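Structure first, commentary second.
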Amino acid sequence: MTETQKRARTLGKRLVPSQGEKTHCPWGHPYTPDNTYYYLGARACRRCSKERRRHKSNKRPSAPRRAMLHRVLWKLDAGKCRYCEAPATEEDHVVARCNNGDINSLYNVVLSCHDCNAIKGREGGFTLSKKRELKWRGQLVAPGHLFGEPLMAQVKEQRLRRQKRQGLTHMVAYATKKEGGAQHE
Ligand SMILES: [Zn+2]
Ligand SMILES: [Zn+2]
Numbered sequence: 000m001t002e003t004q005k006r007a008r009t010l011g012k013r014l015v016p017s018q019g020e021k022t023h024c025p026w027g028h029p030y031t032p033d034n035t036y037y038y039l040g041a042r043a044c045r046r047c048s049k050e051r052r053r054h055k056s057n058k059r060p061s062a063p064r065r066a067m068l069h070r071v072l073w074k075l076d077a078g079k080c081r082y083c084e085a086p087a088t089e090e091d092h093v094v095a096r097c098n099n100g101d102i103n104s105l106y107n108v109v110l111s112c113h114d115c116n117a118i119k120g121r122e123g124g125f126t127l128s129k130k131r132e133l134k135w136r137g138q139l140v141a142p143g144h145l146f147g148e149p150l151m152a153q154v155k156e157q158r159l160r161r162q163k164r165q166g167l168t169h170m171v172a173y174a175t176k177k178e179g180g181a182q183h184e
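All letters in the sequence shown, in the order written, are residues 0 to 184 by numbering that gives the first Met the number 0.
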């Protein structure tokens, strides 16, 4: 028992509340019924648990695991680009690595051809469900739906808008020049 606790005892009051008296978790989130669950008989904070999960490490998998992921992925996507159905040459992270996308699971990677991967780049809006349904802004990316050229044209537009918004005008100018140049050839 510490000196402070001894003094508190002689004065007949508690300085430190018992666990049951605490209304907030150590990080200050309230122990409301919504935010509380029980683990090993003690209360635990849902928000803290969520935060812990969100900050889980996103390390590059080991070489054998990478080999396994590659093998399964090429089988799952049947060697075809998920954006245009051309023969795949690359693997594309649906949520890009620079946007903190998962690099250690098959739930964030699809096969892609070089062109689609280059155009898509780090653009957001794409999601991959557990059943490997690829969607862009809620629209299914599959033959007969949003697919191939029209999709990539829209993604390109989104990138130009983003670069303009973020003040990356030198890149916009370069892209426009390059595209303009290609048209005249
Ligand atoms: Zn908490
Ligand atoms: Zn493609």
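Glycine included, C-beta positions come from ideal geometry on N, C-alpha and C.
Since this is a predicted model, take the numbers as computed values, not measurements.
Checklist entry - What's the gap between the Cα of Leu133 and the Cα of Leu127? => result Leu133 and Leu127: Cα-Cα distance of roughly 5 Å.
Item to check | Any heavy atom of ligand 2 nearer than 6 Å to the CB - residues listed | outcome: In chain order, the hits are Cys80, Tyr82, Cys83, Ala85, Ser111, Cys112, Asp114, Cys115.
Checklist entry - Assuming Asn107 contacts Val94 under a Cβ cut-off of 8 Å, what Cβ separation, rounded to an integer in Å, is found between them? => result In this structure Asn107 touches Val94 by the C-beta definition: roughly 6 Å separates them, less than 8 Å.
Item to check | Any heavy atom of ligand 1 within less than 6 Å of residue CB: hits in chain order | outcome: Result: Cys24, Trp26, His28, Cys44, Arg46, Cys47.
Item to check | Three-state secondary structure assigned by DSSP to Val94 | outcome: Here Val94 sits in coil by DSSP.
Item to check | Beta-carbon gap between Cys44 and His28 smaller than 7 Å | outcome: In this structure, Cys44 lies near His28, with their beta-carbon atoms less than 7 Å apart.
Next on the checklist: Quick check on His23: does DSSP put it in helix, strand or coil?
Outcome noted: Per DSSP, reduced to three states, the secondary structure at His23 is strand.
Next on the checklist: Assuming Val140 is part of the beta strand (DSSP E), what are its boundary residues?
Outcome noted: Premise fails: Val140 is in no beta strand (DSSP E) and is neither H nor E.
Checklist entry - Counting pairs of Cβ atoms below 8 Å between the region 81-89 and the region 112-119, do you hit three or more? => result Counting Cβ pairs under 8 Å, three or more are found: they touch.
Next on the checklist: What I want to know is whether the C-beta of Phe125 ends up closer than 6 Å to one or more non-hydrogen atoms of ligand 4.
Outcome noted: In the structure shown, ligand 4 is absent; the only ligands present are ligand 1 and ligand 2.
Checklist entry - Ends of the alpha helix (DSSP H) at Ser48? => result Note, Ser48: alpha helix (DSSP H), 45-53.
Next on the checklist: At the level of alpha carbons, what is the spacing between Met151 and Leu145?
Outcome noted: A direct Cα-Cα distance of roughly 9 Å separates Met151 from Leu145.
Item to check | For Lys37: DSSP bridge partner residues | outcome: Residue 37 is actually Tyr in this sequence, not Lys. Looking at the DSSP assignment, Tyr37 forms a beta bridge with Arg42.
Checklist entry - From what residue to what residue does the alpha helix (DSSP H) around Leu110 run? => result Note, Leu110: premise wrong, no alpha helix (DSSP H); beta strand (DSSP E) at 108-111.
Item to check | Own chain residues within Cβ distance below 7 Å of Gln182, not counting five before or after | outcome: With a pLDDT of 47 at Gln182, under the threshold of 50, the modelled position of this residue cannot be trusted; read the value that follows with caution. Around Gln182: no qualifying Cβ.
Next on the checklist: Please list the terminal residues of the continuous beta strand (DSSP E) segment that includes Thr126.
Outcome noted: Boundaries of the beta strand (DSSP E) harbouring Thr126: 125-127, taken from the DSSP string.
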